[in-house]
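Asks:
Numbering (the numbering used here), first residue to last: 55 to 403.
1. Kindly list the residues whose CB is nearer than 7 Å to the CB of residue 321, restricted to its own chain and excluding five residues on each side of it in sequence; keep chain order.
2. For the candidate residues 335, 111, 394, whose alpha-carbon lies nearest to that of residue 218?
3. Along the chain, where does the beta strand (DSSP E) that runs through residue 324 open and close?
4. Quick one: measure Cβ to Cβ for residue 254 and residue 363, integer angstroms, because I've assumed they're closer than 8 Å.
5. Specify the secondary structure class of residue 91 as computed by DSSP and reduced to three states.
6. In its own chain, which residues sit with a C-beta less than 6 Å from the C-beta of residue 102, not counting the 5 before and 5 after it?
7. Grouping DSSP H, G and I as helix and E and B as strand, with all else coil, what is residue 214?
8. Just to confirm, is the Cβ distance from residue 232 to residue 121 under 7 Å?
9. Between the alpha carbons of residue 245 and residue 365, how many angstroms are there, rounded?
10. Would you check whether the ligand SAH has a heavy atom nearer than 6 Å to the C-beta of residue 93?
11. Does residue 392 come out as helix, strand or coil in the three-state DSSP assignment?
12. Does the distance from the CB of residue 341 to the CB of residue 207 come in under 7 Å?
13. Taking only the alpha-carbon atoms, compute the straight-line gap between residue 94 and residue 262 and give it to the nearest angstrom.
14. For a minimum of 3 consecutive residues, which ranges assigned as the beta strand (DSSP E) are wholly contained in the stretch 229 to 282?
15. Can you list, in chain order, the residues of its chain with a C-beta nearer than 8 Å to that of residue 281? Leave out the 5 residues immediately preceding and following it.
16. Can you confirm whether the stretch 264 to 276 touches the stretch 311 to 330 when touching is taken to mean that 3 or more C-beta pairs between the two stretches lie within less than 8 Å?
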């Protein structure tokens, strides 16, 4: 990963945020080529999801939603990670990632491996950034920066279905910023406090959910290969039962072989009818499909392909990174797909 970080900074793709003040952990700014490459990634995703299809429409929902949205979705009470602290080195770790974390004490490799390590009991830590709406703090309304773009799609299901005149199966796609107060962010732009998501919620008749779940796994895997990711560096890993989120009846990760090992590039989840039912109950508005001709009504099930712009950009950088020798001189080349590359043609005198 060190070579990728060095190249990204040297060539103006990515550099640490607020660097003149010592930087801010896991926050990065994107330079000229990084911005152009991110825009290319998002454009290719929108083309594949919206412009090349007639069954998916676009949406741009608000970053700050009504706080009841997050209460209904389960984020306020359940969007947490288990946290442990080491009383000796004063570092903080995710309890479920202990075997992947580096300890501050030596010769220990992982927290808890030596007598010096003194770990606390695990406690739950909410990942949402909280803020307040209103000029006076005492009378303000508690609110949150969205940790995902999906809920903005679910609460707009009725609006979009009526205005876009779509019948299930159909999808709603959006690209936008999300924020997570990660306990142990790191590994360059792989996991950051602020990131961009590319999410699509595909609403289907309940009986067709399994078929569309398999379809979107294959479709999304082909997208990465189409734009130059080598097939041998990709794999699909279905989640075990104990890994599944409370809303999911099935989730598969498209994983990429990053320098840190196989890690999630994109997740495809069968969310069932959990989200629409949760918001129906909390809001009193029935989020269901009603056929105006036959009178048929049902709550659609949802298949969700969810990817991160930042993580996708990192995969393209890693996969295209090439070191070669030309005329006895070493050089580094990024062999990017033309539709992803920030520069298409260069004349170098």
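We put the CB at the ideal spot given by N, CA and C, even for glycine.
Replies: Looking at the coordinates:
1. 305, 307, 360
2. 111
3. 315 to 326
4. About 14 Å separates the two Cβ atoms, so there is no contact after all.
5. helix
6. 277
7. helix
8. no
9. 8 Å
10. Ligands in the displayed structure: none, and consequently the ligand SAH is not present.
11. coil
12. no
13. 33 Å
14. 248 to 258
15. 98, 370, 391, 393, 394
16. yes
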